[in-house]
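Following: one structure in structure tokens, then a few remarks.
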Amino acid sequence: MSHAAPVPEDLNPHHIARLQFDRAVPYVDDIEGWEGIAEWLFEPERVVKLTLPVVMDDGRVRAFHGYRVLHNTARGPGKGGIRFYPAVDEDEVKALATWMTWKCAVVGVPFGGAKGGVQCDPTRMSVGEKRRVTRRFIASLGDDIGPHTDIPAPDMYTNAETMAWIYDTYQMMHPHTANLGVVTGKPLDLGGIPGRSTATAQGLAYVLERLLALGEVPTLGSIAGTRVAVQGFGNAGRHAAFILRGLGATVVAVGDVKGGAANADGLNLEEVEAHQKATGSVVKAPGTRVLGPRGPLEVECDILVPAALENQITLENADRVKAAVVIEAANGPTTPAADRILADKGIVVVPDILANAGGVVVSYFEWVQNLDNEEWEEHTVQKRLRAKMQRATEGVVMTYHRLRDRYDEYRQRWQQAAPGAPDPAFPDLRIAATANAVGRCWTALDQRGVWP
8 MSHAAPVPED LNPHHIARLQ FDRAVPYVDD IEGWEGIAEW LFEPERVVKL TLPVVMDDGR
68 VRAFHGYRVL HNTARGPGKG GIRFYPAVDE DEVKALATWM TWKCAVVGVP FGGAKGGVQC
128 DPTRMSVGEK RRVTRRFIAS LGDDIGPHTD IPAPDMYTNA ETMAWIYDTY QMMHPHTANL
188 GVVTGKPLDL GGIPGRSTAT AQGLAYVLER LLALGEVPTL GSIAGTRVAV QGFGNAGRHA
248 AFILRGLGAT VVAVGDVKGG AANADGLNLE EVEAHQKATG SVVKAPGTRV LGPRGPLEVE
308 CDILVPAALE NQITLENADR VKAAVVIEAA NGPTTPAADR ILADKGIVVV PDILANAGGV
368 VVSYFEWVQN LDNEEWEEHT VQKRLRAKMQ RATEGVVMTY HRLRDRYDEY RQRWQQAAPG
428 APDPAFPDLR IAATANAVGR CWTALDQRGV WP
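Counting from 8, one number per residue, gives the positions in the sequence shown under the working numbering.
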């Protein structure tokens, strides 16, 4: 007797973003005529696809593919990073822009979502080649970005230096106006803000502190004394490891694209960082056990921090996660099927649109600083970041409990609004956060009305 092959999990990030959105819509209050509104809220306002000819160091011309997606501007100008990565494609950038819209709404900053990327391998490019790709990309975007329309920021394999090139290119094209606010994540001497490089990780720590204080992870009362595993040892993951260790945690595993390093008694993070700088990877750092690239996801720990790419915790490996809480420093690291498995195991998942929003919060502070021609002190940045992240956490937790307590009411309402549709998924923190975000965006659209 033959058996049908299992249906492979859909790992298209834009499809995943849509499924997450669809799970949240039944819990959004006061959406009348939801079908049309759902399309309006989910589909991007603008998708720009570019071919970028660039002269390489050897004199040859290479054509790169670039993308910039403006998802939704109901609550303000677009905001979102630019990544340089070989796997960048249109659907990935659309998903990331969508998540940026929800992220800004969850934490209450007046931006919409955007994202950009260039399909390239920056690890095989010289500084000059990366600079020329950046300048060509920004010049080709032209007025599709701007301080009051769409404001880029760093992402994978882009940094403060890249943002300086973006600012300079835009300024050369608009010499009669002041344009520091066109991009955030800039160097401090060029309008940057203290704390931006650590903001994603620091915001994550503030969210985790508040979540544990509220009792949302029954087995954990505080960060102190916990065991932490971090998958991804780039900007967000590395800073998260150091910050959580500073709060009393023991970091037992870290990883990068080449593999992982583990020590059940705790890693010497300084040695691991030095080894990564010397060899290009954390693998075989002194005093560590070698793991595969996804190995940190499966070690015994209390707190798991996925800080790499999308689709890392999936249907295939979710059952091997052994943490009490997964807090997403990366965008889209957990698939919908994995969410269900983790929930069944009693593992709390803190969604990316809340957990890693510290970066966009401090980007907002930098943008305000630039528009006001001010320089903020780091203590001001940290005080305001903590307040934003803790308030957003409290809001998501409050919504989570309200949705669970009133599930039957929402289910009946959804059956009336969408006859024949499946019952809504039982709420988790991701559904609660997305419902908060979608509700705020819908309120803004409703108040503005449909033009003309």
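The beta carbon of each residue, even a glycine, is placed where N, CA and C say it ideally should be.
#1: Given that a residue counts as buried once 16 or more other Cβ atoms are within 10 Å of its Cβ, and exposed if not, what is residue 377?
#2: Residue 231 to residue 256, Cα distance in whole Å?
#3: Considering Cα atoms alone, identify which of 36, 154, 143, 67 is closest to residue 449.
#4: What's the C-alpha gap between residue 221 and residue 355?
#5: Could you tell me the alpha carbon to alpha carbon distance between residue 427 and residue 216, rounded to whole angstroms?
#6: For residue 27, name the three-state secondary structure that DSSP assigns.
#7: Helix, strand or coil for residue 210 per DSSP?
#8: Can you tell me whether DSSP reads residue 230 as helix, strand or coil?
#9: At the level of alpha carbons, what is the spacing between residue 85 and residue 109?
#10: CB-CB under 8 Å to residue 508, same chain, minus the five flanking residues each way: which ones, in chain order?
#11: Roughly how many whole angstroms lie between the Cα atoms of residue 439 and residue 406?
#12: As a quick exercise: from 74, 174, 63, 71, pick the residue whose alpha carbon is nearest that of residue 135.
#13: Please state whether DSSP places residue 71 in a helix, a strand or coil.
#14: Going by other Cβ atoms of all chains shown within 10 Å of its Cβ, with 16 needed for buried, is residue 423 buried or exposed?
#15: Does the pairing of the stretch 312-322 with the stretch 336-345 give three or more beta-carbon distances under 8 Å?
#16: Looking at residue 204: is its Cβ nearer than 7 Å to the Cβ of residue 219?
#17: Tell whether a beta-carbon distance below 7 Å holds between residue 76 and residue 69.
#18: With DSSP as the reference, identify every bridge partner of residue 57, one or two as the case may be.
#19: With residue 125 as the anchor, note down where its beta strand (DSSP E) starts and where it stops.
#20: In chain order, what residues of the same chain have a beta carbon less than 8 Å from the beta carbon of residue 164, not counting five sequence neighbours either side?
#21: Cα separation between residue 262 and residue 182?
#22: Counting pairs of beta carbons, one from the stretch 233-249 and one from the stretch 384-393, are three or more of them closer than 8 Å?
#23: Which residues does DSSP list as the beta-bridge partners of residue 334?
#24: Spatial neighbours of residue 55 within its chain, please: CB distance less than 6 Å, with the 5 preceding and 5 following residues excluded, ordered by chain position.
#25: Between the alpha carbons of residue 22 and residue 102, how many angstroms are there, rounded?
#26: Between 305, 119, 97, which lies nearest to residue 451 when the distance is taken from Cα to Cα?
#27: Rounded to whole angstroms, how far is the Cβ of residue 331 from the Cβ of residue 226, which I believe are closer than 8 Å?
#28: List the DSSP bridge partners of residue 298.
#29: Using the Cα positions of residue 168 and residue 194, report the straight-line distance between them to the nearest angstrom.
#30: Taking only the alpha-carbon atoms, compute the straight-line gap between residue 346 and residue 432 and give it to the nearest angstrom.
#31: Would DSSP call residue 161 helix, strand or coil?
#32: Expressed to the nearest angstrom, what Euclidean distance is found between the alpha-carbon atoms of residue 59 and residue 244?
#33: Assign residue 246 to one of two classes, buried (16 or more other C-beta atoms within 10 Å of its C-beta) or exposed (fewer than that).
#34: Going by Cα to Cα distance, which pick from 287, 272, 357, 276 is closest to residue 313?
#35: Going by beta carbon distance, what residues of the same chain come within less than 6 Å of residue 370, once the five residues before and after it are set aside?
#36: Tell me where the alpha helix (DSSP H) around residue 144 begins and ends.
Answer, in terms of the structure:
#1: buried
#2: 5 Å
#3: Here the closest residue by C-alpha is 36.
#4: Distance between the alpha carbons of residue 221 and residue 355 is about 13 Å.
#5: 42 Å
#6: The three-state secondary structure of residue 27, taken from DSSP, is helix.
#7: helix
#8: Coil at residue 230, not helix or strand.
#9: 12 Å
#10: Because residue 508 is not part of the residues shown, which for the chain are 8 to 459, the question remains open.
#11: 6 Å
#12: 63
#13: strand
#14: Taking all protein chains shown into account, residue 423 has fewer than 16 neighbouring C-beta atoms within 10 Å of its C-beta and is therefore exposed.
#15: yes
#16: No; because the gap between Cβ atoms is not below 7 Å, this pair is not in contact.
#17: no
#18: As computed with DSSP, residue 57 is found in a beta bridge with 73.
#19: 119-126
#20: 90, 91, 92, 129, 130
#21: 44 Å
#22: no
#23: Answer by DSSP bridge pairing, in chain order: 357.
#24: Once the five neighbours on either side are set aside, the close Cβ partners of residue 55 are 75, 151.
#25: 8 Å
#26: 119
#27: 5 Å
#28: 267
#29: 7 Å
#30: 11 Å
#31: It is a strand residue.
#32: 31 Å
#33: buried
#34: 357
#35: 160, 191
#36: 134-148
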